[in-house]
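Following this note's numbering, the numbering of the sequence shown begins with 3 at its first residue and continues without gaps.
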Amino acid sequence: MTDDIDGEAVESEPTERSESLAQLPSNRHGLRLALTVGVLTVVALGALAGWLGFRANDSHQREQQRAAFLAAGRQGALNLTTISYTEVDADIKRILDSATGAFYNDFQQRSQPFVDVVKQAQSTSQGTITESGLEAVHGDTAEALISVAVTTSNAGAAKQEPRAWRMRISMQKVGDTTKVSNVQFVP
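Structure follows, in structure tokens:
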């Protein structure tokens, strides 16, 4: 390239600055593209992390709810199978305190004849959970299958072998607690 300065022709070499200025529009385009890709990647990773965190929290809460239902079912089965004639009133109160709905009403109505029989026979029963598992969970209700070995003794009776009982226990959340709402004996 030639420039005319004071009538003399001077050869000038393109400088690095003029070359970099010529490349500037394409560099801006590449920079803009890289910045856009970077921002989109950060947003996508943030959304993915948020979604995975939400799912992990949801899974943890469901697992805690299932554990609470199973614990309530196990305790309900123990309450029903561990009764002593010396503490039968407290045992009945414990059963009623952990019950709700139709089961509560039914058990409360039948509790006095039950107390009388237990005291008269001087009966003691001790339940031990052998197996348990949740059958279904639906919102604030659940059903558990509980297998219990029950050892019973009566005054004047020969020692009895433990009996295996299987129960389907329905539970319902009542406020912050989980209570037994129905009990069925399963053959």
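Yeah, the Cβ is synthetic: ideal placement off N, Cα and C, and Gly gets one too.
Beta carbon of residue i nearer than 8 Å to that of residue j
i, j, result
"Gly129", "Thr83", "yes"
"Ala123", "Ala157", "yes"
"Gln186", "Asp142", "no"
"Ile171", "Val182", "yes"
"Ile94", "Val119", "no"
Length of the line joining the Cα atoms of residue i and residue j
i, j, result
"Arg168", "Arg76", "12 Å"
"Glu89", "Thr126", "10 Å"
"Ser61", "Asp99", "30 Å"
"Ala70", "Thr43", "40 Å"
"Leu80", "Ala49", "46 Å"
"Ser155", "Leu72", "28 Å"
"Lys121", "Asp91", "10 Å"
"Glu163", "Val139", "34 Å"
"Ser86", "Ala160", "17 Å"
"Glu145", "Glu137", "5 Å"
"Arg112", "Gly78", "17 Å"
"Ala46", "Gly177", "39 Å"
"Asn29", "Gly40", "16 Å"
"Pro115", "Thr153", "21 Å"
"Ala36", "Arg57", "31 Å"
Coarse secondary structure for residue i, derived from DSSP in three states
i, result
"Ala101", "strand"
"Asn107", "helix"
"Lys175", "strand"
"Ser125", "coil"
"Gln162", "coil"
"Val117", "helix"
"Gly1", "Look at the range of the chain in this structure, 3 to 189, and you will see that residue 1 is not part of it."
Check your understanding: Enumerated in chain order, which unbroken segments of the beta strand (DSSP E) with a length of 3 residues or greater are wholly contained in the region 35–94?
Key -> Counting only runs of 3 or more, we get nothing.
Check your understanding: Is there contact between the region 58–71 and the region 100–120, where contact requires at least three CB pairs shorter than 8 Å?
Key -> Note that the region 58–71 does not touch the region 100–120; fewer than 3 beta-carbon pairs, one per stretch, sit closer than 8 Å.
Check your understanding: With a cut-off of 8 Å, do at least 3 Cβ pairs link the region 131–140 to the region 148–164?
Key -> Yes: at least three Cβ pairs fall under 8 Å.
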